[in-house]
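Numbers 2 to 386, taken from my numbering, label the letters of the sequence shown in order. So the structure is just underneath, and the comments pick up after that.
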Amino acid sequence: MLRSIYDEDHEAFRAMIRDFIESEVVPVYSEWEKAGHPPREFYLRLGELGVHGIHVPEEYGGAGETSYKFEAVIMEETARAGVTFGAEGIHVNLVRPYLLAFATEEQKQRWMPPFVSGEMMGALAMTEPGTGSDLAGIATTAKLSEDGTHYVLNGAKTFISGGVLADRVLVVARTSPATPEDRRGGLSILFVDTKSPGYSVGKKLDKIGLKTSDTAELAFQDVRVPVEDLLGEEGQAFKYLTHNLVEERLAIVVGSTAQAAAAIGFATAYVKERKAFGQPVAAFQNTKFVLADCEAEYQAAQAMTDRAVELFDQGKLTAADAAACKLFTTEAAGRIIDKCLQLHGGYGYINEYPIARLYADTRVSRLYGGTSEIMRTIIAKSLGL
Numbered sequence: 002m003l004r005s006i007y008d009e010d011h012e013a014f015r016a017m018i019r020d021f022i023e024s025e026v027v028p029v030y031s032e033w034e035k036a037g038h039p040p041r042e043f044y045l046r047l048g049e050l051g052v053h054g055i056h057v058p059e060e061y062g063g064a065g066e067t068s069y070k071f072e073a074v075i076m077e078e079t080a081r082a083g084v085t086f087g088a089e090g091i092h093v094n095l096v097r098p099y100l101l102a103f104a105t106e107e108q109k110q111r112w113m114p115p116f117v118s119g120e121m122m123g124a125l126a127m128t129e130p131g132t133g134s135d136l137a138g139i140a141t142t143a144k145l146s147e148d149g150t151h152y153v154l155n156g157a158k159t160f161i162s163g164g165v166l167a168d169r170v171l172v173v174a175r176t177s178p179a180t181p182e183d184r185r186g187g188l189s190i191l192f193v194d195t196k197s198p199g200y201s202v203g204k205k206l207d208k209i210g211l212k213t214s215d216t217a218e219l220a221f222q223d224v225r226v227p228v229e230d231l232l233g234e235e236g237q238a239f240k241y242l243t244h245n246l247v248e249e250r251l252a253i254v255v256g257s258t259a260q261a262a263a264a265i266g267f268a269t270a271y272v273k274e275r276k277a278f279g280q281p282v283a284a285f286q287n288t289k290f291v292l293a294d295c296e297a298e299y300q301a302a303q304a305m306t307d308r309a310v311e312l313f314d315q316g317k318l319t320a321a322d323a324a325a326c327k328l329f330t331t332e333a334a335g336r337i338i339d340k341c342l343q344l345h346g347g348y349g350y351i352n353e354y355p356i357a358r359l360y361a362d363t364r365v366s367r368l369y370g371g372t373s374e375i376m377r378t379i380i381a382k383s384l385g386l
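As structure tokens, this is what we get:
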């Protein structure tokens, strides 16, 4: 179906990103997978291209764009090429919204210029070994010093994407005890310098997919965090986290739909070339029907995704909308990619083929940003159930 959300500026940006991927990412991508992340210099290169600062106001060195469509173009092009930009999505889609929405002017002047250049890469640390979707169970503590100049941070986090190379991490910690009346109260966000004494990167987690996105466990032992690095107001973290979940989930929606489109492209090209029983695999009715089903489901997901992007740009995408989009597109992508892998036969199980990497990469989309079960809960609540 004809898509109408992009204009000439978006398509010019697409051409630039596509050329960059083909010339500077694809040739070295296998090396990144072996290392577990891109080289640090890659993020500086993205800074030179302006990728980090698309949505950052011009006064801090960014482009000042307000539309999410430029981010969508990047996700579509990386999926098309069967690559990722490492932890770039965490830096831009998770960290940036918090800094722009809740940082003071002084903090923005300190943090945003290096954010845009790539000299300071960020990550977000919410999940703990014993706390996933239930953020009220966070046990990491940040106690204000007696002289009121700093917090003392203690605890541990896990599944932290970008945690290995991050220069600063948004850490959600408990600054005051929870109460039976408000289990979610007392949580605050600190933007922690990873060079601080007592801060350590623990085990680097070996994931089944997203091999170029470093993921780690973090530990904090009496880490001194200046009060000037408190993001927003003390005790308001849960409200802030809820505020940014819509954009976080939109990123997953766009990425999942782009991966589904890429899978269909990979499978279509493969079945035209691969021969079985004396004819191309594409000639069999089953192949045609499977890909037809995939295309129809993808088109539905793409229409939903495009509408979500437009609503987000208008400030009208609700939490229930984002949950419904995430549930549908991530589940659809899982089904589509599985069928496309099946059409590759045994080669679909070999990492050399991009469909294999897609299969592993897309699985987490139904887990992070809120599981499919959590999405169903949100949607049900919107129905008054």
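Here a beta-carbon is modelled for each residue, glycine too, at the ideal position from N, C-alpha and C.
Assigned exposure category for P355 - 16 Cβ within 10 Å defines buried
buried
* **Those residues which DSSP pairs with Y152 across a bridge** => L145, V226
Counting along the chain, where does the beta strand (DSSP E) carrying F192 start and finish?
-> 188-194
Item to complete: Taking K240 as part of the alpha helix (DSSP H), name the residues at either end of that continuous run.
Response: 238-274
Pairing CB atoms from the region 198-207 with CB atoms from the region 114-128, are three or more of them under 8 Å? no
> If you compare alpha carbons, which of A220, S162, E106 is closest to D230?
Replying inline: E106
Please list, in chain order, all residues of the same chain as K212 whose beta carbon is under 7 Å from its beta carbon, the five residues on each side excluded.
E34, G37
*Could you give the distance in angstroms between the alpha-carbon of A174 and the alpha-carbon of S197?*
16 Å
Comparing alpha-carbon positions, which option in Y99, A262, T132 lies nearest A334? A262
Practice problem: May I ask which residues mark the beginning and end of the beta strand (DSSP E) holding V173? | Solution: 169-175
Checking 9 Å against the spacing of the C-beta atoms, do G163 and A80 come in under that value? no
Open item on the list: If I follow the unbroken beta strand (DSSP E) through S201, where does it start and stop?
Closed with: 200-205
| said: Buried or exposed for N94, going by 16 or more other Cβ atoms inside 10 Å? | reply: buried
Go ahead and label Y172 buried or exposed: buried means 16 or more other beta carbons lie within 10 angstroms of its beta carbon, across all protein chains shown.
The sequence given here has Val at residue 172, not Tyr. So V172 counts as buried.
Quiz prompt | Residues that DSSP places opposite K212 in a beta bridge | solution = According to DSSP, which records beta bridges pairwise, K212 is partnered with nothing at all.
>> Pop quiz: R97 and H56 are said to be a contact at Cβ under 8 Å. What is the actual Cβ separation, rounded to whole angstroms?
In response: 6 Å
Exercise for the section: May I ask you to list the residues that DSSP assigns as paired with S162? Expected result: T216
In the structure shown, what three-state DSSP assignment does A104 receive?
coil
*What span of residues does the beta strand (DSSP E) with H47 cover, start to end?*
A small fix is needed here, since residue 47 is Leu in this sequence, not His. L47 -> not in any beta strand (DSSP E); alpha helix (DSSP H) instead, spanning 41-50.
- Message: Suppose you measure from the CA of G51 to the CA of A13; what does that come to, to the nearest Å?
- Response: 14 Å
Checklist line | Burial state of G349, where buried means 16 or more other Cβ atoms lie within 10 Å | finding: buried
Can you tell me whether DSSP reads D183 as helix, strand or coil? strand
Tell me the residue span of the beta strand (DSSP E) that contains L344. Where L344 is concerned, there is no enclosing beta strand (DSSP E), although the alpha helix (DSSP H) it sits in stretches over 320-344.
| field | the region 233-242 contacting the region 275-289, beta-carbon criterion three pairs below 8 Å | value | no
*Do L92 and M113 have their C-beta atoms within less than 9 Å of each other?*
The identity of residue 92 in the sequence shown is His, whereas the question assumes Leu. Contact flag unset, no.
Looking at L45: is its Cβ nearer than 9 Å to the Cβ of S146? no
Roughly how far, in whole angstroms, is the beta-carbon of A357 from the beta-carbon of L342, given that I think they are within contact range, below 8 Å? 7 Å
Query - Cβ-Cβ distance between T67 and S214 below 9 Å - result: no
Pick from A284, V29, N352, S366 that is closest to V255, judged by C-alpha positions: S366
- Per DSSP, what kind of secondary structure is P58 in: helix, strand or coil? coil
Practice item. Ignore the nearest five residues each way along the sequence and tell me which others in V291's own chain have a CB closer than 7 Å to its CB. Key: K340, L344
task = Would you please state the rounded distance, in angstroms, between the beta carbons of A264 and I337? I believe it to be under 8 Å.
result = 6 Å
Next item on the list: Provide the residue(s) that pair with L125 in DSSP beta bridges, ordered along the chain.
Entry: L171
Query - K70: first and last residue of the uninterrupted alpha helix (DSSP H) it sits in - result: 70-82
For this session: Report buried or exposed for Q315, applying the criterion of at least 16 other Cβ atoms within 10 angstroms of its Cβ.
Result: exposed
request  = Determine contact between the region 218-234 and the region 143-157, defined as no fewer than three beta-carbon pairs at a distance below 8 Å.
outcome  = yes
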